[in-house]
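Engineer: If you count the sequence shown from 1, position 262 lands on 262 in full-length UniProt numbering, and the numbers rise without skipping. One structure, pasted below without further comment.
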Amino acid sequence: MPDNSRELSTFAQLVTQYRLRRGISQGQLAQATQLSRTYVYHLETGQRANPSPQVVQNIARVLELSTEDRLHFFEAYRQQTGQFVDVDQLESTLLDLGELAHLLVHNTSYPAHSLDHLWFLHSWNKAAIYLFETQEILGSAERLHLLGLVFDPDMRKRFHGWENLARRLVGDFLYNTRTLTHLAEYKALIKALREYPEYRRIASSVYGRSKPAPSFVFQIQHSELGRLTLRTATTVFTNLSTYSMVSYVPGDQQTLDIYRTHGWQPG
1 MPDNSRELST FAQLVTQYRL RRGISQGQLA QATQLSRTYV YHLETGQRAN
51 PSPQVVQNIA RVLELSTEDR LHFFEAYRQQ TGQFVDVDQL ESTLLDLGEL
101 AHLLVHNTSY PAHSLDHLWF LHSWNKAAIY LFETQEILGS AERLHLLGLV
151 FDPDMRKRFH GWENLARRLV GDFLYNTRTL THLAEYKALI KALREYPEYR
201 RIASSVYGRS KPAPSFVFQI QHSELGRLTL RTATTVFTNL STYSMVSYVP
251 GDQQTLDIYR THGWQPG
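Next up, the structure:
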């Protein structure tokens, strides 16, 4: 049986070294990579000698390794296992998923937008921009967050039953981002959201521990179309990063008639 102790130690030590440099615990790394804490412990102590290339790529993504560090990390993995990791796959997959989400949104007849893994709005189609009357906001904001939009004092007046909608969205957000709390970007986002007093109030009483239902209904007041009842429909794309596409379909007959008038339905 070959002696892989030196190579194994190199890879295991790099996992620990890069994790500590990132400032996260084994448990946080496990959460972010959707591995068990025991699995991460075994990686760092050399008891898990043959992780898959996908696991190694995911660790490199979560630890935000530079190109040089990633190459070093992947080479240590190759020496230990004899398996190769595609150096370019991480960047190409992220780009492809983003482009895919953008393409699907703009080829959807219903009003739709895409979200990135932290719920920043990624792309809108014309129907969604008109439906939510966000022309001016999108023109002035560099990067818009879905909760920032919902908690905006001017926007919230347009939602009927705003409290229930806000609580639902905050709960869903906390659940869907529960493995990302170690990220500096997440911490900065939460700090920004807490500038809204209503977000602080609702987030303190909502527990994002239950898996959200795939769809829900809410109402919005449009300056020209009147009151619309909308049902959400979400498509999630998951690989090394996550994008979701949210489309809004009619929730009652009156809204269905409005959609038909505007051509917001499959041909």
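For every residue, glycine included, the Cβ atom is placed at its ideal position computed from N, Cα and C.
1) What do you get for residue 176, buried or exposed, if any count of 16 or more other CB atoms within 10 angstroms of its CB means buried?
2) Once DSSP output is grouped into helix, strand and coil, what is the label at residue 22?
3) Can you give me the Cβ contacts of residue 221 inside the same chain, cut-off strictly under 7 Å, excluding the 5 residues immediately before and after it?
4) Do the stretch 244-253 and the stretch 106-125 touch if we need at least three Cβ pairs shorter than 8 Å?
5) For residue 251, list the residues DSSP reports as bridge partners.
6) Does DSSP put residue 151 in a helix, a strand or coil?
7) Is residue 150 near residue 174, with beta carbons less than 8 Å apart?
8) Is the stretch 51-62 close to the stretch 33-41, with three or more CB pairs under 8 Å?
9) Apply the 10 Å Cβ neighbour rule to residue 107 and answer buried if 16 or more other Cβ atoms are within range, or exposed otherwise.
10) Under a three-way DSSP split, which group does residue 134 fall into?
11) I'd like to check one pair, residue 212 with residue 251: are the Cβ atoms closer than 8 Å?
12) On the three-state DSSP scale, how would you describe residue 161?
13) Within 8 Å, do at least three Cβ pairs link the stretch 48-57 to the stretch 79-86?
14) Nearest-angstrom Cα distance between residue 65 and residue 162?
15) Run the CB neighbour count on residue 261, radius 10 Å, all protein chains shown included, and call it buried at 16 or more, exposed below.
16) Since residue 98 and residue 122 should fall inside the 8 Å C-beta cutoff, what is the C-beta to C-beta distance between them, to a whole number of angstroms?
17) So, with DSSP's three-state summary, where would you put residue 105?
18) Count the other C-beta atoms from every protein chain shown that fall within 10 angstroms of the C-beta of residue 29, then say buried if there are 16 or more, exposed otherwise.
19) May I ask which residues mark the beginning and end of the alpha helix (DSSP H) holding residue 42?
20) Using DSSP with H/G/I as helix, E/B as strand and the rest coil, what is residue 122?
21) Would you tell me roughly how many angstroms separate the C-alpha atoms of residue 147 and residue 214, rounded to the nearest one?
22) Below 6 Å CB to CB, which residues in the same chain sit around residue 131 once its five sequence neighbours on both sides are set aside?
23) Please report how far the alpha carbon of residue 4 lies from the alpha carbon of residue 183, in whole angstroms.
Structural biologist: Inspection of the coordinates gives the following:
1) Under the 10 Å beta carbon count, residue 176 is surrounded by 16 or more other beta carbons and is classified as buried.
2) In this structure, residue 22 counts as helix in the three-state DSSP scheme.
3) So the qualifying residues of the chain are 158, 160 and 227.
4) Output reads yes: the stretch 106-125 touches the stretch 244-253.
5) DSSP lists no partner for residue 251.
6) Residue 151 sits in a helix when the DSSP states are folded into three classes.
7) At a Cβ-Cβ threshold of 8 Å, residue 150 and residue 174 do not count as neighbours.
8) Output reads yes: the stretch 33-41 touches the stretch 51-62.
9) Note on residue 107: under 16 other CB atoms within 10 angstroms of its CB, so exposed under the neighbour-count rule.
10) For residue 134, the three-state secondary structure derived from DSSP is coil.
11) No; because the gap between Cβ atoms is not below 8 Å, this pair is not in contact.
12) Of the three classes helix, strand and coil, the one that applies to residue 161 here is coil, per DSSP.
13) When Cβ pairs closer than 8 Å are counted between the two stretches, the stretch 79-86 is seen to touch the stretch 48-57, the count reaching three or more.
14) In this structure, the straight-line span from the alpha carbon of residue 65 to that of residue 162 is close to 41 Å.
15) When all chains shown are included, residue 261 counts as exposed.
16) Contact annotation, residue 98 with residue 122: C-beta distance approximately 7 Å; criterion of less than 8 Å satisfied.
17) Residue 105 falls in the helix class under three-state DSSP.
18) Buried is the call here.
19) Residue 42 -> alpha helix (DSSP H) spans 37-45.
20) The three-state reading of DSSP puts residue 122 in strand, counting E and B together.
21) Whole-angstrom Cα-Cα distance: 18 Å.
22) Here the set comprises 111.
23) Reliability fails at residue 4, whose pLDDT of 43 lies under 50, so the model's placement of it is uncertain and the value that follows must be treated cautiously. Answer to the nearest angstrom: the Cα atoms are 33 Å apart.
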